[in-house]
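Single-structure report; data block below.
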Amino acid sequence: MKVLQLGKFYPIRGGVEKVMYDLTEGLSKQGVDCDMLCALIDGKGRKINLTPRGNIIGCRTWVKVASTMISPSMISELRKRCSDYDIIHVHHPDPMAALTLKLSGYRGKVILHWHSDILRQRKMLRLYGPLQRWLIKRANLIIGTSPVYLAGSPSLKQEAHKCVALPIGVDRMKATTEAVQRIKDRYGRRKIVFSLGRLVSYKGFRNLIEAATMLPDDYAIVIGGDGPLRGELEEQVNRLGLSDRVYLPGFISGEELGAYFEACTVFCLSSVFKTEAFAIVQIEAMAAGRPVVATKIPGSGVPWVNAHGVSGLNVSTDDPKALAGAILDICTDTSTYNAFCERARNRYEQMFTKSKMIDDCKTIYENVLNNRY
Numbered sequence: 000m001k002v003l004q005l006g007k008f009y010p011i012r013g014g015v016e017k018v019m020y021d022l023t024e025g026l027s028k029q030g031v032d033c034d035m036l037c038a039l040i041d042g043k044g045r046k047i048n049l050t051p052r053g054n055i056i057g058c059r060t061w062v063k064v065a066s067t068m069i070s071p072s073m074i075s076e077l078r079k080r081c082s083d084y085d086i087i088h089v090h091h092p093d094p095m096a097a098l099t100l101k102l103s104g105y106r107g108k109v110i111l112h113w114h115s116d117i118l119r120q121r122k123m124l125r126l127y128g129p130l131q132r133w134l135i136k137r138a139n140l141i142i143g144t145s146p147v148y149l150a151g152s153p154s155l156k157q158e159a160h161k162c163v164a165l166p167i168g169v170d171r172m173k174a175t176t177e178a179v180q181r182i183k184d185r186y187g188r189r190k191i192v193f194s195l196g197r198l199v200s201y202k203g204f205r206n207l208i209e210a211a212t213m214l215p216d217d218y219a220i221v222i223g224g225d226g227p228l229r230g231e232l233e234e235q236v237n238r239l240g241l242s243d244r245v246y247l248p249g250f251i252s253g254e255e256l257g258a259y260f261e262a263c264t265v266f267c268l269s270s271v272f273k274t275e276a277f278a279i280v281q282i283e284a285m286a287a288g289r290p291v292v293a294t295k296i297p298g299s300g301v302p303w304v305n306a307h308g309v310s311g312l313n314v315s316t317d318d319p320k321a322l323a324g325a326i327l328d329i330c331t332d333t334s335t336y337n338a339f340c341e342r343a344r345n346r347y348e349q350m351f352t353k354s355k356m357i358d359d360c361k362t363i364y365e366n367v368l369n370n371r372y
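The sequence shown maps to residues 0 to 372 in my numbering.
This is the structure we're talking about:
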């Protein structure tokens, strides 16, 4: 079996690229010949060896337009190589990947990984629409990160018969006892409500900051990440007099991130829009045994990932009072809190490990090659 992951870019900057990378590395370690063809964020094209059976084939990028890397050399590379592969696994949304497949002349099996609908770039969708419809029809099978998102996608309504869910899986992050203790000390050993993401509007961080006004003084809100709304959020914190209770530490390195998940009491995902399709950060928190407070975003897989009453609680979007109430419902009583922690860890181990994602993906490939769908 020879497989190509097609789409997005490298180095890893987001969830789609991480899934591509993890599948390439994980499958190749299991004996599947699996490569990854993508655009490089900077520099000339090059080949990066991951394992004896897996490579990243990086292509030079000309320019970035509407979150899409324009890399014509992806087309020529795939035209040269496409006959080598039994399956091409295309990751969406990425117009460059779709165009590359369309012009490659490839005749084999195609799997379309539908990570998200195109929601913000409406003008691009009007241009990309015909190519997207071709890609949906061309795919032998469509994978989604959750059954909820697949069912709610307007673009896939006519293709339910060839859709299957493959939840994203991650490894548990490592953290030393010393690193965890440093973070707890940094925030005065209070209960830490941790959140993480780009500081952009759809993440709903304004609501989480307002929720802090309804929490007792022994709670600290820590929002990791950076982005264009940083100044506005800092102004909100100061205006509400929360500078000693709400913290925006900026970018958190991979080495320190595991310690934040271990040190926090609860993780909060305050997102308000379907752009948040799955939220890998939820399962990273569950892997550390931390309960999650998330939002019931219509059509999103977010509240499916965080099973209400099991791994945490889901509340309405744009409702700071509900966020604060859910945090208190989980954290106030010790026995209730410990039960949520245990169930969060169990849900991760049963559904969201990286090894399960890789095993299930390999089974999907075998079924596609044997025409079982």
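Cβ atoms here follow ideal geometry from the backbone N, Cα and C, with glycine treated the same way.
Between the C-alpha atoms of residue i and residue j, what's the straight-line distance to the nearest angstrom?
i: residue 236; j: residue 242; result: 6 Å
i: residue 145; j: residue 26; result: 21 Å
i: residue 264; j: residue 331; result: 11 Å
i: residue 197; j: residue 117; result: 18 Å
i: residue 220; j: residue 261; result: 15 Å
i: residue 159; j: residue 132; result: 14 Å
i: residue 178; j: residue 344; result: 21 Å
i: residue 323; j: residue 185; result: 22 Å
i: residue 202; j: residue 333; result: 29 Å
i: residue 253; j: residue 348; result: 21 Å
i: residue 51; j: residue 357; result: 17 Å
i: residue 2; j: residue 106; result: 14 Å
i: residue 255; j: residue 173; result: 9 Å
i: residue 62; j: residue 70; result: 8 Å
i: residue 312; j: residue 329; result: 8 Å
i: residue 213; j: residue 307; result: 22 Å
i: residue 49; j: residue 18; result: 15 Å
i: residue 12; j: residue 251; result: 13 Å
i: residue 147; j: residue 156; result: 12 Å
Measuring CA to CA, which of the options is closest to residue i?
i: residue 167; options: 371, 47, 281, 372; result: 281
i: residue 299; options: 143, 335, 177; result: 143
i: residue 233; options: 38, 257, 207; result: 207
i: residue 211; options: 240, 131, 156, 363; result: 240
i: residue 291; options: 184, 180, 337, 272; result: 337
i: residue 229; options: 170, 195, 266, 141; result: 195
i: residue 111; options: 101, 137, 99; result: 137
i: residue 270; options: 247, 319, 308, 244; result: 319
i: residue 38; options: 31, 77, 49, 125; result: 77
i: residue 154; options: 215, 171, 130; result: 130
i: residue 190; options: 372, 200, 286, 266; result: 266
i: residue 42; options: 31, 33, 8; result: 8
i: residue 346; options: 370, 284, 149; result: 284
Is it buried or exposed, residue i, if we count other Cβ atoms within 10 angstroms and call 16 or more buried?
i: residue 90; result: buried
i: residue 204; result: buried
i: residue 113; result: buried
i: residue 316; result: buried
i: residue 6; result: buried
i: residue 175; result: exposed
i: residue 181; result: exposed
i: residue 257; result: buried
i: residue 353; result: buried
i: residue 310; result: buried
i: residue 294; result: buried
i: residue 125; result: exposed
i: residue 227; result: exposed
i: residue 16; result: buried
i: residue 335; result: exposed
i: residue 365; result: exposed
i: residue 341; result: exposed
i: residue 24; result: buried
Does the distance from the C-beta atom of residue i to that of residue j stay below 9 Å?
i: residue 4; j: residue 361; result: no
i: residue 274; j: residue 72; result: no
i: residue 35; j: residue 14; result: no
i: residue 67; j: residue 94; result: yes
i: residue 377; j: residue 40; result: Past the edges of the chain, shown from 0 to 372, lies residue 377, and the structure says nothing about it.
i: residue 86; j: residue 367; result: yes
i: residue 278; j: residue 314; result: no
i: residue 104; j: residue 81; result: yes
i: residue 249; j: residue 224; result: yes
i: residue 339; j: residue 259; result: no
i: residue 169; j: residue 359; result: no
i: residue 373; j: residue 98; result: Nothing can be reported for residue 373: it is not among the residues displayed for the chain, which extend from 0 to 372.
i: residue 246; j: residue 326; result: no
i: residue 216; j: residue 238; result: no
i: residue 151; j: residue 297; result: yes
i: residue 372; j: residue 161; result: yes
i: residue 363; j: residue 140; result: yes
At a threshold of 8 Å, does residue i count as lining the ligand COA (C-beta to nearest heavy atom)?
i: residue 184; result: Summarising the ligand content, the structure contains no ligands, and the ligand COA is consequently not present.
Suppose only complete runs of 4+ residues qualify. What are the alpha helix (DSSP H) ranges in the stretch 238-297, listed by chain order? 253-262, 279-286
Any chance you could list the beta strand (DSSP E) runs of at least 3 consecutive residues sitting entirely within the stretch 75-112, in chain order? 86-91
Can you give, in chain order, each stretch of the alpha helix (DSSP H) that sits fully within the stretch 127-155 and has at least 4 residues? 146-151
Which runs of the beta strand (DSSP E) at least 3 residues long sit entirely within the stretch 165-248? Give them in chain order. 190-195, 218-223
So within the stretch 296-327, which uninterrupted beta strand (DSSP E) runs reach at least 3 residues, ignoring any that extend past its ends? 311-314
Which residue spans inside the stretch 8-83 form an unbroken alpha helix (DSSP H) run of at least 4? 14-28, 72-80
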